[in-house]
Amino acid sequence: MEVFSSFQGEGLYAGSPQVFLRLGGCPLRCAWCDTPASWETSPEATARVRVPEGTRSESAWVSPEEAKLWIDEVDPSGRMTVSVTGGEPLLWAEFLLGLRPLLGRRRVHLETAGAHPLSLSRVLDACDHVSADLKLPLDMGSPESSGFSAEEPSPTTDAQWQRARRAFLESISGRDACCKVVVAGGHPVDAYSELFEDVSECAPELPLFLQPATPVRGAEGPTREEVAELSASAERSGLRVRVLGQLHRAWRLP
Ligand code: SF4
58 MEVFSSFQGE
68 GLYAGSPQVF
78 LRLGGCPLRC
88 AWCDTPASWE
98 TSPEATARVR
108 VPEGTRSESA
118 WVSPEEAKLW
128 IDEVDPSGRM
138 TVSVTGGEPL
148 LWAEFLLGLR
158 PLLGRRRVHL
168 ETAGAHPLSL
178 SRVLDACDHV
188 SADLKLPLDM
198 GSPESSGFSA
208 EEPSPTTDAQ
218 WQRARRAFLE
228 SISGRDACCK
238 VVVAGGHPVD
248 AYSELFEDVS
258 ECAPELPLFL
268 QPATPVRGAE
278 GPTREEVAEL
288 SASAERSGLR
298 VRVLGQLHRA
308 WRLP
């Protein structure tokens, strides 16, 4: 969908200058999704390449080699970390495996929904950092059936979400990784108990970022009191909790 440089606005590496490679396509339907344009792909899809001289449009269907050229155009220094985001980049495991060796000394950070542990296992060793955006099932609409293989359909029930979440957390435990939970307004603290328990049991050492939802598409952000209550609850569960809003939104960065 796009390649551009900016500052990371979320998670463990917030504030770090990075090249963002946004891959289109996502079967999930988060109520507060701020990139719904990433959900669908089409044969005519185009990508924005934002280079220092301006933005140009290209066909979105590229090989890893072509994507690597765009990344080098956006950051000629060859040093910036590449944040692979979406959409849900785990839809494109083969592409990521092809891209990794082309990026040389650049770090590769993966931003994913944490719902597809099998796909993660294919690319995990190709990533220097994984940021898992853990989902509260009550924030999720029905996923689209297309995208992932029949072997790994997107979760729909609470039990499926929990199984996927726990497997995902176990895979990233002990690695350079973090978890994020977008906090929408109006949810009781209890709604997060199971998720906190899963982090506490499967990856207790990972930092957990509570990210107040940016109000979009009718979804509400939380009050300060709701966030404080939730943070206290996560701390009681023994989690390494931090509260961090989307910095790139506050700074009006891409
Ligand atoms: S996983 Fe990401 S791209 Fe997909 S619906 Fe949720 S927020 Fe949007």
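Quick note: to get my numbering, add 57 to the position in the sequence shown (first position is 1).
By construction, the Cβ of each residue, glycine as well, lies at the ideal position given by its N, Cα and C atoms.
Query, Result
"In whole angstroms, what separates the C-alpha of Y198 from that of R297?", "Sequence inspection shows Gly at residue 198; the Tyr mentioned does not correspond to that position. Their Cα atoms are separated by approximately 29 Å."
"Flag this pair as yes or no: are the beta carbons of S116 and G155 separated by less than 9 Å?", "no"
"Using 9 Å as the threshold, is the C-beta distance between F225 and G278 below it?", "no"
"Report the three-state DSSP secondary structure of E258 (helix, strand or coil).", "helix"
"Does the distance between the C-beta of L195 and the nearest non-hydrogen atom of ligand 1 fall short of 8 Å?", "no"
"Using the C-alpha atoms, what's the distance from S178 back to I128?", "25 Å"
"Which residues bound the beta strand (DSSP E) around F61?", "E59 to F64"
"Check each residue's C-beta against every heavy atom of ligand 1 and list, in chain order, those closer than 7 Å.", "C83, L85, R86, C87, C90, D91, T92, P93, S95, W96, G143, G144, E145, A170 and D190"
"Thinking just about the alpha-carbon of each residue, which of L167, G72, V284 and A276 is nearest to the one in R232?", "L167"
"If contacts are defined as beta-carbon pairs under 8 Å, then C83 and D196 qualify, I think. What distance do you get, rounded to the angstrom?", "C83 to D196, Cβ: 14 Å. No contact."
"Can you find at least 3 beta carbon pairs, one from the region 248–266 and one from the region 201–211, that sit closer than 8 Å?", "no"
"Buried or exposed for S62, going by 16 or more other Cβ atoms inside 10 Å?", "buried"
"Is the beta carbon of L147 less than 9 Å from the beta carbon of V108?", "no"
"Quick one: which unbroken alpha helix (DSSP H) runs of 4-plus residues sit fully inside the region 99–148? Chain order, please.", "121–131"
"Kindly indicate which three-state DSSP category Q268 falls into: helix, strand or coil?", "strand"
"Does A221 come out as helix, strand or coil in the three-state DSSP assignment?", "helix"
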